[in-house]
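Have a look at the structure below before the remarks.
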Amino acid sequence: IEKRDEDFKVYNLTLDGDHTFVVEGIVVHNKGGGKVICQELYDQGLLEHSIYSLDEQFGEYIRTSDPALLEGYHSWAYSVVNAMRKSKTITHIVRIVSRPVVKHIAYKMGHPSKTLLGAVMFNVGAFVCRRLTKNKKVYA
Numbered sequence: 363i364e365k366r367d368e369d370f371k372v373y374n375l376t377l378d379g380d381h382t383f384v385v386e387g388i389v390v391h392n393k394g395g396g397k398v399i400c401q402e403l404y405d406q407g408l409l410e411h412s413i414y415s416l417d418e419q420f421g422e423y424i425r426t427s428d429p430a431l432l433e434g435y436h437s438w439a440y441s442v443v444n445a446m447r448k449s450k451t452i453t454h455i456v457r458i459v460s461r462p463v464v465k466h467i468a469y470k471m472g473h474p475s476k477t478l479l480g481a482v483m484f485n486v487g488a489f490v491c492r493r494l495t496k497n498k499k500v501y502a
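Converting from the sequence shown to the numbering used here requires adding 362 to each position, the first position being numbered 1.
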C-alpha cells in the first residue's frame, strides 16, 4: 500500500450478507475489524456472540495499532474462509485449530479465558503475518 498525497474519491460500500467481494482481481472485505475467520465461524453458528464481539473489538484495535499484522492476516485468511464455505471438514479443522487463538484474543480484550497455547499460537501467527507484509507494496 502506498500513500497518495492528492485528493481522490473514496467509496464505502455496504452489502447485505457476505461482506467480501472482488474488485479488479483483489479480494476486499468491508466489515470493519480483522475478524475474517471469526466472522465465518460466527456466521455458521460456531462461535458464541460474546467471543465474537471481543474479536470484533480486537480487529478494530489492530487496524490502527498493528496494521502489518492485519494486512498479513488478510493475505491468507480469505482463502481459508473460501475453503471453509466449500467443506464442513475444513471448517471443523479451522474451528479446532483457531479456538485457542480466539480465546487468547478474547482474553486480551478482557474475557477471563487465558490459555498458554493460545498465547503461543497467537504470537507465532502474529510474527508470521507481519513478515508476510514486510517489504511488500501493493499499487492500486
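Note that the Cβ used here is the ideal one computed from N, Cα and C, for glycine as well. Keep in mind the model is a prediction, meaning the values are calculated, not measured.
CB contact flag (LEU416, ILE424, <8 Å): Taking the sequence shown and counting its residues from 1, the one referred to as residue 416 is at position 54. Taking the sequence shown and counting its residues from 1, the one referred to as residue 424 is at position 62. Between LEU416 and ILE424, the CB-CB gap reaches or exceeds 8 Å.
When you compare each of VAL490, MET471, ARG461 to GLY480 by their alpha carbons, which one comes out closest? For this step, residue 480 is matched to residue 118 along the sequence shown. Answer by Cα proximity: ARG461.
Might you give, ordered along the chain, the residues of its own chain that have their beta carbon closer than 7 Å to the beta carbon of VAL456, omitting 5 neighbours on each side? On the sequence shown, position 94 is the one that residue 456 refers to. Its chain contains ILE399, VAL442, MET446 as the residues whose beta carbon lies nearer than 7 Å to that of VAL456, once the 5 sequence neighbours on both sides are disregarded; these appear in chain order.
Rounded straight-line distance, which links the Cα of ILE458 to that of THR451: Against the sequence shown, residue 451 aligns to sequence position 89. Against the sequence shown, residue 458 aligns to sequence position 96. Taking the straight line from one Cα to the other gives about 11 Å.
Within its chain, find whatever has a CB closer than 6 Å to the CB of GLN419; leave out the 5 residues flanking it on each side and keep chain order. Working through the sequence shown from its first residue, we reach residue 419 at position 57. Around GLN419, the same chain offers MET471 as residues with beta carbons nearer than 6 Å, after the five sequence neighbours per side are excluded.
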